[in-house]
Amino acid sequence: MARATASTRTSTRTAAKKPTPREGAARSKKENAENGFLASEQLTGHLQRVLVDLIELSLQAKQAHWNVVGKNFRDLHLQLDEITESAREFSDVVAERLRALHAAVDGRSATVSAETSLPPYPNGEVATTDTVDLITVRLEAVVGTMREVHDDVDEEDPTTADILHEIISTLEQYAWMVSAENRTPSV
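Numbered by full-length UniProt numbering, the letters in the sequence shown go through residues 1 to 187 in order.
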């Protein structure tokens, strides 16, 4: 008899703990919700601007990679692949930072084309010297967006600003290295 009572108590406890599907879903959301910093609309908007520019940079650098022709083709062709890969990695870092701050990410092609600050890239073959200038302008445009939003981002979330610092540093280095292709010594 004692066994039956213990078994009955166990089933009663189990039954009492089992929520309805609606209650279970609500409790699950509450129990699994992360605590922490939530991005404001302003921070989300700033990071979204950076994201679309990085996505567009990766697309335009790849377009340039496929269509560049002329002197020093191979080096520029390979350098454009490096820029493409970095822009893709940086866009992923920014998107994942947005998600970590509980913000939605919009990297859809329609959004990117509508919201990017980068000018369109020309279609067809482009000479290496022109490609250097075109890519430098685009690198500087992405950096410009990041520098424009930086102070607001830093004020709200210094951790995210640190991410921007690293990206800015790398893209400025690319801009310097790419633009040097068309420079002549100043001496």
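Beta carbons are placed, not taken as given, at the ideal position from N, Cα and C, and that holds for glycine.
In this text, all values refer to a predicted model and were calculated from it rather than measured experimentally.
*Is it a yes or a no for the region 163-174 touching the region 83-101, going by three-plus beta-carbon pairs under 8 Å?*
yes
*Assigned secondary structure, A87 (DSSP; H/G/I helix, E/B strand, else coil)*: For this step, residue 87 is matched to residue 87 along the sequence shown. Note: A87 maps to helix in three-state DSSP.
*Burial state of F73 (16 or more Cβ within 10 Å)*: In the sequence shown, counting from the first residue as 1, residue 73 sits at position 73. Result: exposed.
*Going by other Cβ atoms of all chains shown within 10 Å of its Cβ, with 16 needed for buried, is R49 buried or exposed?*
Residue mapping note: residue 49 aligns to position 49 of the sequence shown, counting from 1. Per the 10 Å Cβ criterion, buried.
*L51 versus A180, Q79, W66, R99, residue with shortest Cα-Cα distance*: Working through the sequence shown from its first residue, we reach residue 51 at position 51. For the residues A180, Q79, W66, R99, the minimum Cα distance to L51 belongs to R99.
*Where DSSP assigns a beta bridge to A64, which residues make up the other side?*
The count along the sequence shown starts at 1 and reaches residue 64 at position 64. Its beta-bridge partners do not exist; DSSP assigns none.
*Where the alpha helix (DSSP H) containing H150 begins and where it ends*: Position 150 of the sequence shown, counted from the start, is the residue given in the question as residue 150. 128-156 is the span of the alpha helix (DSSP H), which, as asked, contains H150.
*Count the other C-beta atoms from every protein chain shown that fall within 10 angstroms of the C-beta of T131, then say buried if there are 16 or more, exposed otherwise.*
On the sequence shown, position 131 is the one that residue 131 refers to. Buried, because 16 or more other Cβ atoms sit within 10 Å of the Cβ of T131.
*Measure the alpha-carbon distance for S179 versus T129 and round it to whole angstroms.*
Here residue 179 corresponds to residue number 179 of the sequence shown, with the count starting at 1. Here residue 129 corresponds to residue number 129 of the sequence shown, with the count starting at 1. Rounded to the nearest angstrom, the two C-alpha atoms are 9 Å apart.
*As assigned by DSSP and simplified to three states, the class of V105*: Residue 105 sits at position 105 when you count from the first residue of the sequence shown. In this structure, DSSP gives V105 a state outside helix and strand, which the three-state scheme calls coil.
*Beta-carbon proximity list for E31, same chain, < 6 Å, skipping 5 on both sides*: Translated into the one-based positions of the sequence shown, residue 31 becomes position 31. Residue confidence for E31 is low, a pLDDT of 46 falling below 50, so the modelled location carries little weight; the figure read from the coordinates is stated next. Correct list: empty, nothing qualifies.
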